[in-house]
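This report concerns only the one structure given below.
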Amino acid sequence: MQSMRVHSCGGSRATPLRRQTLRVSAASGKVNVLVVGGGGREHSLAWKLSQSPLCSHLYCAPGNPGTETEPNVTNVSINVTKHQDVVNFCREKRVGLVVVGPEVPLVAGLADDLQAAGVPTWGPSAKAAQLEGSKVFMKDICRKYNIPTAGYDSFTDAGRAKAFIKSLGAPIVVKASGLAAGKGVVVARTVEEAYKAVDDMLVNKMFGGAGDELVIEEFMDGEEVSFFALVDGEAVIPLVSAQDHKAVGDGDTGPNTGGMGAYSPAPRAVMNDTIFKQVMDDIIYRTAHGMAAEGMPFRGTLFAGLMIKDGKAKLLEHNVRFGDPECQGLMARCDSDLTEAMLRATTGRLQDVELLWKPESALTVVMAAKGYPGAYSSGSVIRGFENVTSAKVFHAGTARNAAGEVVSNGGRVLNITALGKDVAEAQAKAYEAVKQIEWADAYYRSDIGWRAIARL
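Each residue of the sequence shown is one higher than the one before, starting from 29 at the first, in our numbering.
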C-alpha cells in the first residue's frame, strides 16, 4: 500500500481554523453523512464514505438510481440551491459531515452557510472556490504567486481579444472565465477558429454569463495529468495521480467532453518523484500559501490539471473538488477510512490524517449517450447491471421511469470502474463489464488507457 502523509508549506495561517463540535452520537461514536450531488463522482464518494464504521447513515441529495442501491444510503429531495433547507435537513438528521461534490454549490457558498451553522463541511468557501469559478481569478493568483502556467491575458471586449489573438497567432486557447460545465474551452488551431470562439462566447453568449469575460492563453503541448490534494489552509495531503481522456473519440480525437474515461496512477514515465516534488513545491504549496495570504484560505479538495513536458509541469487549471471521472478510480484505490479522514480535516486536524492506497491500477470507462457531447436523447432503458462482476458500475446520468426501470438521463450516463495489477488488466476487466451492460443507445471509447498501456 502507498501512504500519503500531511505536508505543510510553512508559515502561519492567515486566519485561525474554526474548531467545531462533531455531531457524533455518544452512544455509537458514529455520524450521519450528507453527500451533495447526483453524478458519478458523488456515487463513488457515497459508496466509499458509507463503508466507514464511523458512518451511521449516508444521505445523497439528490443522488441517483445507483446511490439508492448502496447499503446504508438514502436519496433525499433537497433543493441544494436553498441553503437554509440544507442546513435544516442537517439539523433534523443530525448530520455530522457534509461532502459537497460539484463545483456549482461551492461557488454559490453552500459550504460557507453550512459551516456558519456549525455543520462540518468538506469543500471550500465561495471566495476560495473562485479558483474554479473564475479562470481570470485563478490565472491572476498564478501570476502573483509565481505558479507556472501558460502566458495569458483577459478580455471583455471582442475587438481587443481578437487583436491579442492576431498578435500571438495559432494554436491558441480561448476559455470562458466562468463555469461552463467543462465545455467553455476551445483549443483553436487557426486564428479564424479562435476568432469564432471569441464571438461564440463573448458576443453570442454560447455559455451565458460564463463567457462575459475570456481568458486567452498560449497553447501548451505535452502530456496532461490530474493531480489532487486535500488542503486545510496551508497544510496539504497529496493524493495519487490520474490521467483522463477528454476527447470523445478513440485515439484522443474529436471534440472535448467532460471526460470519457480515466485511470490511476499516471505512469512513472509521466509522473515520477522529481515531477511530483516540483508540482507540490511550485503549484500546490504556492496555491495554498497564496490563497491564505489573500485572506481566503482554501479548505477542501484541490485539483490541479497539469501539462507536463520535458520533465516540468505547468498548471492548466484548478478545480475545487474531485475530478469526474478521476474520482471513481481514486475511490476504488483508496484503502483508508475516508469518512474518518474528512471528519478530521473539517475540524482542523488534517495533520492527523494518513491515507493509504491500494497498489493496483484503476481504470474507468464512461458509457455515454449516442451523440454526446452534441445532441443526444434520454429515456432509453438500461439493463444488465446484475451481470457485472469484474467491475463497479457508478451511475452518472440515470433516472427511473414510471415502471421503475433505470433509464439514461444525461450525456455521460455510466462509469465502469475496475481494478487490476496494472492498467492493462484493469482495462480488460472494465471492458468486460461494459459488454455486460444492455443499453442500445450506448456510446463509449474502446481505448481508454491506451497511452499508459503502450508504456508497459
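Beta carbons: idealized from backbone N, C-alpha and C, even for Gly. As the structure is a prediction and not an experimental result, all values here were calculated from the model.
Could you say which of the options lies nearest to residue i if we only look at CA atoms?
i      : options                           : result
LYS155 : LEU384, ASP338, GLY328 and ALA461 : GLY328
MET288 : VAL101, TRP478, LYS342 and LYS337 : TRP478
GLU241 : VAL264, LEU86 and LYS203          : LYS203
LEU391 : ARG377, GLU354, ALA191 and VAL215 : GLU354
ARG428 : PRO93, ALA263, ILE265 and ALA452  : PRO93
PRO130 : GLU322, VAL451, PHE350 and THR417 : PHE350
LEU484 : VAL462, ALA452, ARG69 and GLY197  : ALA452
LYS167 : VAL409, MET319, ARG440 and SER405 : MET319
VAL421 : ALA178, ASP185, TYR459 and LYS305 : TYR459
LYS305 : GLY282, ALA275, GLY323 and SER269 : SER269
VAL276 : ALA89, GLY412, GLY399 and ALA144  : GLY399
GLN158 : VAL381, HIS346, ILE476 and ALA468 : HIS346
ASP485 : TYR223, TRP150 and GLY161         : Any answer about residue 485 is impossible in this case: the structure gives the chain only from 29 up to 484.
VAL409 : GLU96, TRP467 and ALA209          : TRP467
ARG440 : ARG473, LYS449 and LYS457         : ARG473
GLY65  : LYS211, GLY57 and THR95           : THR95
Locate the beta strand (DSSP E) running through residue i, then write down its first and last residues.
i      : result
GLN271 : 271-277
CYS170 : Per DSSP, CYS170 belongs to no beta strand (DSSP E); it is in the alpha helix (DSSP H), 163-172.
ILE193 : Element bounds for ILE193: not the beta strand (DSSP E) but the alpha helix (DSSP H), 186-196.
THR426 : 426-428
GLY492 : No answer is possible for residue 492: the residues shown for the chain start at 29 and end at 484.
VAL108 : From DSSP, VAL108 is part of no beta strand (DSSP E); its letter is neither H nor E.
THR102 : 101-103
GLU245 : 242-246
ALA204 : 200-204
TYR472 : From DSSP, TYR472 is part of no beta strand (DSSP E); its letter is neither H nor E.
By DSSP's criteria, residue i is part of a beta bridge. Which residues make up the other side?
i      : result
ALA446 : LEU391
LYS340 : LYS337
SER436 : THR426
ALA332 : PHE255 and HIS346
If the criterion is Cβ atoms closer than 8 Å, does the pair residue i and residue j meet it?
i      : j      : result
VAL101 : SER80  : no
GLN271 : VAL253 : yes
VAL164 : VAL115 : no
ASP363 : LYS342 : no
LEU207 : VAL127 : no
SER406 : PRO293 : no
LEU334 : VAL307 : yes
VAL226 : TYR180 : no
GLY412 : GLN356 : no
VAL123 : VAL61  : yes
ASP475 : GLY261 : no
HIS423 : GLY187 : no
LYS76  : LEU366 : yes
SER162 : SER205 : yes
VAL108 : LEU82  : no
Starting from residue i, follow the alpha helix (DSSP H) in both directions and report where the run begins and ends.
i      : result
GLY282 : Not the alpha helix (DSSP H): GLY282 falls in the beta strand (DSSP E), residues 281-292.
ILE303 : 301-307
SER72  : 68-77
ALA482 : 478-482
Item to check | Touch test, the region 433-446 against the region 382-402, Cβ-Cβ under 8 Å, three pairs minimum | outcome: Yes: the two stretches touch, three or more of their Cβ pairs being nearer than 8 Å.
Does the region 416-428 come into contact with the region 374-386, if we say contact requires no fewer than three beta-carbon pairs (one atom in each stretch) closer than 8 Å? no
Q. Should the region 312-326 be called in touch with the region 168-188, which here means at least 3 C-beta pairs below 8 Å?
A. Touching, yes, given that three or more Cβ pairs across the two stretches are closer than 8 Å.
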